[in-house]
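Chains as they are written, first to last, in the working numbering: chain S, 14 to 573; chain V, 14 to 573.
Protein chains: 2
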Amino acid sequence: MPSTATAPRTSFQTHPSRYQHWRLACQGEVATLTMAVQAGAAERPGYELKLNSYDLAVDVELADAVQRLVFEHPEVRCVVVTGALERVFCAGANIGMLATSSHAFKVNFCKFTNETRLYLEDASAGGGKRFLAALNGTASGGGYELALACDRILLVDDRSSAVSFPELPLLGVLPGTGGLTRVSDKRKVRKDRADVFASVAEGIKGKRAVEWNLVDAIAPLSKWKEEVARHALELAAQSEKRAAGTSTGKGVELAPIVCERDDERWKYGHVEVAFEREARTARLTLRLPPSAGPKDAAAAHAAGGSWWLFQLFRELDDALLNLRFHEPEIGLVLVRVEGDPAVALAADAVLVAAQAKGSDAWFAREVARYVKRVLKRVENTAKSFYAVADAGTAFAGTFLELFLACDRTYVLKDDGAQVALGVSGVHAGLYPMANGLTRLGTRFLASPAAAQAVLARAGEILDAATADELGLATFAPDAIDWDDELRLAIEERASFSPDALTGMEQNVRPAGPETMETKIFGRLSAWQNWIFQRPNAVGEKGALKCYGTPLRPEFDYRRT
Amino acid sequence: MPSTATAPRTSFQTHPSRYQHWRLACQGEVATLTMAVQAGAAERPGYELKLNSYDLAVDVELADAVQRLVFEHPEVRCVVVTGALERVFCAGANIGMLATSSHAFKVNFCKFTNETRLYLEDASAGGGKRFLAALNGTASGGGYELALACDRILLVDDRSSAVSFPELPLLGVLPGTGGLTRVSDKRKVRKDRADVFASVAEGIKGKRAVEWNLVDAIAPLSKWKEEVARHALELAAQSEKRAAGTSTGKGVELAPIVCERDDERWKYGHVEVAFEREARTARLTLRLPPSAGPKDAAAAHAAGGSWWLFQLFRELDDALLNLRFHEPEIGLVLVRVEGDPAVALAADAVLVAAQAKGSDAWFAREVARYVKRVLKRVENTAKSFYAVADAGTAFAGTFLELFLACDRTYVLKDDGAQVALGVSGVHAGLYPMANGLTRLGTRFLASPAAAQAVLARAGEILDAATADELGLATFAPDAIDWDDELRLAIEERASFSPDALTGMEQNVRPAGPETMETKIFGRLSAWQNWIFQRPNAVGEKGALKCYGTPLRPEFDYRRT
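This is the structure:
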């Protein structure tokens, strides 16, 4: 990847051949993902990754491994997540790293690690891979939170290994990588037990860990290997793909994402980000290819990583992560999709056909799941998004979903301008939001009929006036007002308090029901972010700052 | 009320005859609650309550008015909430007050005002009173949030009056008194419109306010009185009580709550709070009367405000509010209930019988709704609660619910000790938690059979061993271990970061589904609390600090 002086510090692209902290081994239906963090290979100076503790780079490798398992190893039915150290599976996020990170970095770090764990659960829920946490030693904090994201947790019974949340007693913060939420809502641990568990730094082990449902089973060291293998095969046998008896076909290799970056512009193959730094704005342009490409799932599978739709969303995902971590001052992203809307609708037809019961089009299905995840990444990014549908744009199908994911939509309503929107079958449920509803269902929470009216246009290209009538435009100015209205909206957004915008968006975007996923980002993360601002955690005498030093934390004991 | 040098600054007790900021007038089925805030009567020096802006004392009067309407005016079917000023209904929470308040006070202020608005909604949802917001002028921020808690919003159409959320553009904070949540989830405003609405300081008026569902109707000044009366009668006609055709009987006067306070102890009639300040702990003792009192709903109605159960919970509510606002250093509350469990079960029988369809026992039903609200106030208090069931205690029925509301329950399992718990019909659904589930249902989320096993004991007094077998005890030590175990648990709790405890409890207490209510406290409030810590809001150049001064806010524009 070309790199300049302004290239981001963290790259979100890696490859198993370059992993420093994980080992991925596939053997038939069972893969083993072994955490073996190199203590001396921290992402930046100032801390050591002892005891399989992790920093962002470690988690980037984990996210990459999950993605490779999904696309490159479709034959895998069970993934065993285990550790290479003795007595310790994983000590969680590195405290030295957290203590020396900015508030914004901590927040983004937690968001990314949360997304990775949800990705792992998604690969299980719909992707037919079961995850077994084979805890060969103590799993603390983020280490246990990773286990909680797995389908089954097996803990070694060696009289010392435990699962634990030491965050509250030792660090004055929360088990915020989904920990409290999954204990309460996924494993349904009684609230008084969850309270006790979160207070006991040394954790809970053995039979009590099973009784409290903190783990599913324990196994002695003497039978560890056999028990891990037995549970892995049991889980593999449960996978839906296996049950459906469909063949998987060969994996699809993920080629590196190429991007030319300079301070003004990031140029990917289909995606471009152009910065207007004075306006704290980025222009994100997605370009559809001139022709539709693969006509069915088999052709898409054959195209693999070079299928334009897949490549485009992989580029978009990389751009989003880079925007989050490396462009904090950019507060507003203007989204445009250029090209022929028919090209987008043709690709959607492949995705929708692949959903048919009994279809063995696993690759197209996984691409749809991937797109779903990137769309959620948009909605989970602490920046404002305006969709800009002006001349030459084509927010059609999957790209209409991106349009709906934006905070506002501006549609140029002018007879002379070529403004195309388009409806496909993907809106009916292919890309559920984190709240479990479709984007149309969420937008039209008050009037399901309005959502149905849009769905009824599936296959159609809509002009601006029709899109506006259907309720898809926030504003639809004509050519006379367009420039001024958009300019004012951009200037206004860039002038507001960035914190108030983040808070507002986090409350307005996920209307309707809550899920474990929205609770993690909306409730748990919000409280963690609050604590990450409090002197009791991050002040000079805060617990997070003092941990690992000779100093004892000093608290202001007033409850808030 | 006796008062000493340590008496709290804010009293949560008032009476219509002493209101400074509201006027309550009842005329048959329609009551009018008029906001007429005395600008010069702020709770403390440093700000003026101009334009019907409010501080805590104003909201204490509102909460009192809602409670008086419920108990003293059962005949009222519709409450018109309107303002006494011209052109302005209410400008929201007073900015000068917010800008000069501590973080902890802001958080507690918002929590109380949120609870008051939810109380108003509860009086509508189950209490048969409909609320009409008759916005005779602009409703800004908290003013519009109050309107959002009403069943119907009528806005004067005078070319200038609007509804607005100026918090984000002017103050750099959120419409945090349920505002964003109710716009999204109650009124189901499209998220892009909610985004626009929250960005436009001057608000939205007239037909667009109706079209966006921000208000239900508009009416010109010339027809204002008739339209308000027409809507009020329409709403009154919809009330369930009216539909059920049940008579209401006479209202029940609420006598003042009497409390003797000194620095070591608050003594109410049935409730006592004793402080162990070095341990940052309070001992909250509830005492059941020696005999059961009213045997049926009619007798309870005749006893009215002096029915012991009602009085006890009114005292408990007052104690909770005083603990929140005036005892910030108290982090842990040890809860004991003393007396004869049969007395509690007898009162529960009255409450349960009053739920029968067609029953006209409105008073007993309202008492149950009141108890429900106080129990939720416990769970919404930023302090830890341990239930202590030792010799002489009687956590039975309604008091078992309080036991279940606690974070942990300690039960002394010793043959010699008189430890009684008891089960009644109230657990089956009389006191739903904010998450919509029963406390047993929430506790046993993983095993509904365990909840059923407790319900099956309705009417029974349980000893400690049985309660423990049924899963009601977090810990059930014997007499030998009891003192040490409890002492260690208390010391440990008092040593933890108070912020981490608040965050942990906010995530563990409401397991399971989310509701609008839990979203307000768990999501909206958490983000607001985060923003209330951010320099962009509360720093020297933050928007909240600069508002109303000649200074312009200066933001750190990095998005987090």
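Note that CB positions come from ideal geometry on N, CA and C, so glycine has one too.
Task: Contact residues within the region 93-123 of chain S, judged by C-beta distance below 7 Å to chain V - done: His116, Ala117, Val120
Note to self: To the nearest angstrom, how far is the alpha carbon of S/Arg349 from that of V/Tyr570?
What the structure shows: The residue given as residue 349 of chain S occupies position 336 in the first sequence. The residue given as residue 570 of chain V occupies position 557 in the second sequence. Those two C-alpha atoms are separated by around 24 Å.
**Item:** beta-carbon V/Gly317 near the ligand COA non-hydrogen atom, thresh 8 Å
**Value:** The ligand COA is absent from the structure shown, which contains no ligands of any kind.
For this session: Rounded to whole angstroms, what's the CA-CA distance from V/His510 to S/Trp543? Just pull it up for me.
Result: Taking the first residue of the second sequence as 1, we reach residue 510 of chain V at position 497. Taking the first residue of the first sequence as 1, we reach residue 543 of chain S at position 530. Note on identity: in this sequence residue 510 of chain V is Ser, with His being the wrong assignment. Roughly 13 Å separates the two Cα atoms.
I'd like to know if S/Ser177 contacts chain V, where contact means its C-beta is closer than 9 Å to some C-beta of that chain.
As a first step, residue 177 of chain S is located in the first sequence; it is residue number 164 there, counting from the start. No - not a single Cβ of chain V is within 9 Å of the one on S/Ser177.
Which ranges does the alpha helix (DSSP H) cover as unbroken runs of at least 4 residues, wholly within the region 114-171 of chain S, from first to last along the chain? 116-138, 155-161
For this session: Could you spell out where the alpha helix (DSSP H) holding V/Cys559 opens and where it closes?
Result: Stepping through the second sequence from its first residue, residue 559 of chain V is reached at position 546. Segment 556-559, the alpha helix (DSSP H) holding V/Cys559.
Next item on the list: Report buried or exposed for S/Glu215, applying the criterion of at least 16 other Cβ atoms within 10 angstroms of its Cβ.
Entry: Taking the first sequence and counting its residues from 1, the one referred to as residue 215 of chain S is at position 202. Burial call: exposed.
Practice task
Please name the residue, chosen from V/Leu443, V/Ile231, V/Val346, V/Gly435, that lies closest to V/Thr298 on a Cα-to-Cα basis.
Solution key: Here residue 298 of chain V refers to the residue found at position 285 of the second sequence. When each option's Cα is compared against that of V/Thr298, the closest is V/Val346.
Residue of V/Val93, V/Gly219, V/Pro58, V/Leu64 minimising C-alpha distance to V/Leu37 | For this step, residue 37 of chain V is matched to residue 24 along the second sequence. It is V/Val93 whose Cα lies nearest to the Cα of V/Leu37.
Any C-beta of chain V under 9 Å from that of S/Gln519
Working through the first sequence from its first residue, we reach residue 519 of chain S at position 506. Closer than 9 Å to some Cβ of chain V, the Cβ of S/Gln519 qualifies, so yes.
Next item on the list: Name, please, each residue of chain V whose Cβ falls closer than 9 Å to the Cβ of S/Ile217.
Entry: The sequence position of residue 217 of chain S within the first sequence is 204, counting from 1. Within 9 Å Cβ-Cβ: nothing; S/Ile217 doesn't reach chain V, min ~13 Å.
* **Among S/Arg172, S/Leu453, S/His314, nearest to S/Ser235 - alpha-carbon criterion** => Position 222 of the first sequence, counted from the first residue, corresponds to residue 235 of chain S. Comparing Cα positions, the closest option is S/Arg172.
According to DSSP, is V/Arg378 helix, strand or coil? For the purposes of this step, residue 378 of chain V is taken as the residue at position 365 of the second sequence. V/Arg378 falls in the helix class under three-state DSSP.
**Asked** For S/Ser437, does the count of other Cβ atoms within 10 angstroms reach 16, so buried, or fall short, so exposed?
**Response** Indexing the first sequence from 1 puts residue 437 of chain S at position 424. Under this definition S/Ser437 is a buried residue.
Using the C-alpha atoms, what's the distance from S/His244 back to S/Ala250?
Indexing the first sequence from 1 puts residue 250 of chain S at position 237. Indexing the first sequence from 1 puts residue 244 of chain S at position 231. In a straight line, the C-alpha of S/Ala250 is about 10 Å away from that of S/His244.
- Query: Which chain V residues sit within Cβ distance under 8 Å of S/Arg582?
  - Reply: In the structure as shown, chain S starts at 14 and stops at 573, and residue 582 of chain S therefore has no counterpart that could be examined.
Item to complete: Kindly indicate the opening and closing residues of the beta strand (DSSP E) around S/Phe288.
Response: If you number the first sequence from 1, residue 288 of chain S lands on position 275. Taken as a continuous stretch (DSSP letters only), the beta strand (DSSP E) holding S/Phe288 covers 284-289.
### Task
Kindly list, in the order they appear in chain V, the residues whose Cβ is closer than 8 Å to that of S/Tyr560.
Sequence index remark: in the first sequence, residue 560 of chain S carries index 547 (1-based). Neighbours of S/Tyr560 on chain V: none; closest Cβ ~12 Å, over 8 Å.
Check: Thinking C-beta only, is S/Leu483 closer than 9 Å to S/Arg500?
Finding: Reading the first sequence from its first residue, position 487 is the one you call residue 500 of chain S. Reading the first sequence from its first residue, position 470 is the one you call residue 483 of chain S. No, they are not a contact pair.
From what residue to what residue does the beta strand (DSSP E) around V/Gln40 run? By one-based count along the second sequence, residue 40 of chain V stands at place 27. Unbroken beta strand (DSSP E) run through V/Gln40: 35-40.
- Query: Using the C-alpha atoms, what's the distance from V/Met529 back to S/Val284?
  - Reply: Counting from 1 along the first sequence, the entry for residue 284 of chain S is found at position 271. Counting from 1 along the second sequence, the entry for residue 529 of chain V is found at position 516. Approximately 39 Å, taken between the alpha carbons.
ask   = Which residues of chain V have a Cβ atom closer than 7 Å to the Cβ of S/Phe338, listed in chain order?
value = To locate residue 338 of chain S, count along the first sequence from 1; it is residue 325. None at all; the shortest Cβ gap to chain V is about 11 Å.
Reference V/Thr23; option with closest CA among V/Leu46, V/Ala310, V/Asp331:
Counting from 1 along the second sequence, the entry for residue 23 of chain V is found at position 10. Comparing Cα-Cα distances from V/Thr23 to each of V/Leu46, V/Ala310, V/Asp331, the minimum goes to V/Asp331.
*Name the chain V residues whose beta carbon is nearer than 9 Å to that of S/Phe568?*
Along the first sequence, read from residue 1 onward, the residue named residue 568 of chain S stands at position 555. Result: Ser508, Phe509, Ser510, Pro511, Asp512.
| message | Assess contact between the region 418-430 of chain V and the region 361-376 of chain V, defined as three or more Cβ pairs (one per stretch) separated by less than 8 Å. Is contact present? | response | no
I want to verify the contact list: residues of chain V whose CB lies under 9 Å from the CB of S/Asp330, in sequence order.
As a working mapping, residue 330 of chain S is identified with position 317 in the first sequence. Correct list: empty, because the minimum Cβ distance to chain V is about 18 Å.
Checklist entry - From what residue to what residue does the alpha helix (DSSP H) around V/Glu239 run? => result The residue labelled residue 239 of chain V in the question sits at position 226 within the second sequence. 237-251 is the span of the alpha helix (DSSP H), which, as asked, contains V/Glu239.
To the nearest angstrom, how far is the alpha carbon of V/Gln519 from that of V/Ala447? Position 506 of the second sequence, counted from the start, is the residue given in the question as residue 519 of chain V. Position 434 of the second sequence, counted from the start, is the residue given in the question as residue 447 of chain V. Spanning the two alpha carbons is a distance of roughly 12 Å.
Exercise. Are the beta-carbon atoms belonging to V/Val521 and S/Ala207 less than 9 Å from one another?
Worked result: Here residue 521 of chain V refers to the residue found at position 508 when the second sequence is read from its first residue. Here residue 207 of chain S refers to the residue found at position 194 when the first sequence is read from its first residue. Yes, these two residues count as a Cβ contact at 9 Å.
Assuming the contact rule is C-beta atoms closer than 8 Å, S/Asn549 and S/Phe534 should be a hit. Round their C-beta distance to whole Å, please.
Reading the first sequence from its first residue, position 536 is the one you call residue 549 of chain S. Reading the first sequence from its first residue, position 521 is the one you call residue 534 of chain S. Not a contact, Cβ separation roughly 23 Å.
**Request:** Starting from the beta carbon of S/Val43, find every residue of chain V whose beta carbon is closer than 9 Å, and list them in chain order.
**Result:** Locating residue 43 of chain S in the first sequence gives position 30, where the first residue counts as 1. Correct list: empty, because the minimum Cβ distance to chain V is about 29 Å.
Exercise. What does DSSP give as the partner residues of S/Thr298 in its beta bridges?
Worked result: For the purposes of this step, residue 298 of chain S is identified with residue 285 of the first sequence, where counting begins at 1. DSSP lists S/Glu285, S/Arg349 as partners of S/Thr298.
When burial is assigned at 16 or more other CB atoms within 10 Å of the CB, is V/Ile217 buried or exposed? The count along the second sequence starts at 1 and reaches residue 217 of chain V at position 204. Result: buried.
Simplified DSSP assignment, three categories, for S/Pro15 = As a position in the first sequence, residue 15 of chain S is number 2, starting the count at 1. Interpretation of S/Pro15 is limited by its pLDDT of 38, a score under 50 that renders its predicted location unreliable; no figure is taken from the coordinates.
State the DSSP-derived secondary structure class of S/Gly429, mapped to helix, strand or coil.
Here residue 429 of chain S corresponds to residue number 416 of the first sequence, with the count starting at 1. DSSP places S/Gly429 in coil when its eight states are reduced to three.
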